[in-house]
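In our numbering, the protein residues as written are 143 to 314. We put the CB at the ideal spot given by N, CA and C, even for glycine. Just so you know, these numbers come straight off a predicted model, no measurement behind them. One structure below.
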Ligand code: S3P
């Protein structure tokens with residue numbers, strides 16, 4: 143069987159490697175790559191941090207849901223990196239499942255911590271990254287799991303191995 147004519151949607155926590163894996167996967171499949179954070183920044187001509195700081199998290203969440211819905215609604219199958227918090231919204235989860243094959247890039251908070259430093263688009267991790275990642279994991283893990291068609295362990299594998307595994311899973 144070939145690659146399904148659906149979007150491939152990557153979900154998972156900050157630092158899981160959605161952008162790195164997603165752009166490589168898109169290249170391997172010769173598909174467009176959409177990163178929801180980048181789309182929000184292009185749309186608003188503002189940085190994620192600036193939106194959080196000026197308008198607050200709720201305003202940012204509305205924007206990310208909007209760009210995600212647009213990306214999922216596009217007819218050309220793409221690889222979509224859905225920012226870590228997109229799965230908090232039940233409508234986002236439903237749309238992802240309807241329009242794509244969803245892959246959860248899975249890692250434990252302690253494994254993510256060394257991977258999230260110095261990232262300007264992650265204002266939520268500014269003060270207590272270890273504590274926040276732990277809290278987020280508790281709330282979000284069940285949502286990532288219920289939304290995903292497939293789960294890939296990203297801590298145990300290099301990015302190119304993760305790409306290979308996803309290619310294998312989606313073409314099975
Ligand atoms: C967030 C994840 C970030 C960014 C924002 C909030 C989250 O994207 O959207 O800082 O709540 O998990 P990445 O998952 O691409 O880091």
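Open item on the list: The alpha helix (DSSP H) that contains residue 192, what's its start and end?
Closed with: In the chain shown, counting from the first residue as 1, residue 192 sits at position 50. Where residue 192 is concerned, the enclosing alpha helix (DSSP H) stretches over 190-197.
Open item on the list: From the DSSP secondary-structure annotation, give me the bridge partner or partners of residue 152.
Closed with: Walking along the chain shown from the start, residue 152 turns up at place 10. In the DSSP output, where bridge partners are listed per residue, residue 152 has 223, 245.
Task: Cα-Cα separation between residue 233 and residue 227, rounded to whole angstroms - done: Taking the first residue of the chain shown as 1, we reach residue 233 at position 91. Taking the first residue of the chain shown as 1, we reach residue 227 at position 85. So the alpha carbons of these two residues sit roughly 13 Å apart.
Task: Span separating the alpha-carbon of residue 150 from that of residue 274 - done: Numbered from 1 along the chain shown, position 8 holds the residue referred to as residue 150. Numbered from 1 along the chain shown, position 132 holds the residue referred to as residue 274. Approximately 28 Å between the Cα atoms of the pair.
- [ ] Look at residue 265 and residue 255 and say whether their C-beta atoms are less than 8 Å apart.
- [x] Taking the chain shown and counting its residues from 1, one reaches residue 265 at position 123. Taking the chain shown and counting its residues from 1, one reaches residue 255 at position 113. For residue 265 and residue 255, no; Cβs fall outside 8 Å.
Task: Euclidean distance between Cα positions of residue 289 and residue 183 - done: Within the chain shown, numbered from 1, the residue matching residue 289 stands at position 147. Within the chain shown, numbered from 1, the residue matching residue 183 stands at position 41. C-alpha separation (whole angstroms): 25 Å.
Task: Under 8 Å between C-beta atoms of residue 245 and residue 171 - done: Translated into the one-based positions of the chain shown, residue 245 becomes position 103. Translated into the one-based positions of the chain shown, residue 171 becomes position 29. Their beta carbons are not under 8 Å apart, which means residue 245 does not touch residue 171 by this criterion.
Task: Contact test: residue 206 Cβ vs the ligand S3P heavy atom, cutoff 7 Å - done: Position 64 of the chain shown, counting from 1, holds the residue named residue 206. For the ligand S3P, at least one heavy atom lies less than 7 Å from the Cβ of residue 206.
Task: Strand pairing of residue 172, partner residues [DSSP] - done: Within the chain shown, residue 172 is the residue found at index 30, counting from 1. None; residue 172 has no bridge partner.
Open item on the list: the ligand S3P and residue 185: does the residue's C-beta get closer than 7 Å to at least one heavy atom of that ligand?
Closed with: Taking the first residue of the chain shown as 1, we reach residue 185 at position 43. No, the Cβ of residue 185 stays beyond 7 Å of every heavy atom of the ligand S3P.
TODO: Pair every Cβ in the stretch 280-294 with every Cβ in the stretch 197-209, then say whether three or more of these pairs are closer than 8 Å.
DONE: no
Task: Contact belief for residue 243 with residue 294 at Cβ below 8 Å, rounded distance in angstroms - done: Residue 243 sits at position 101 when you count from the first residue of the chain shown. Residue 294 sits at position 152 when you count from the first residue of the chain shown. Residue 243 to residue 294, Cβ: 12 Å. No contact.
- [ ] With DSSP as the reference, label residue 295 as helix, strand or coil.
- [x] For the purposes of this step, residue 295 is taken as residue 153 along the chain shown, with counting starting at 1. Looking at residue 295 - three-state DSSP - the assignment turns out to be strand.
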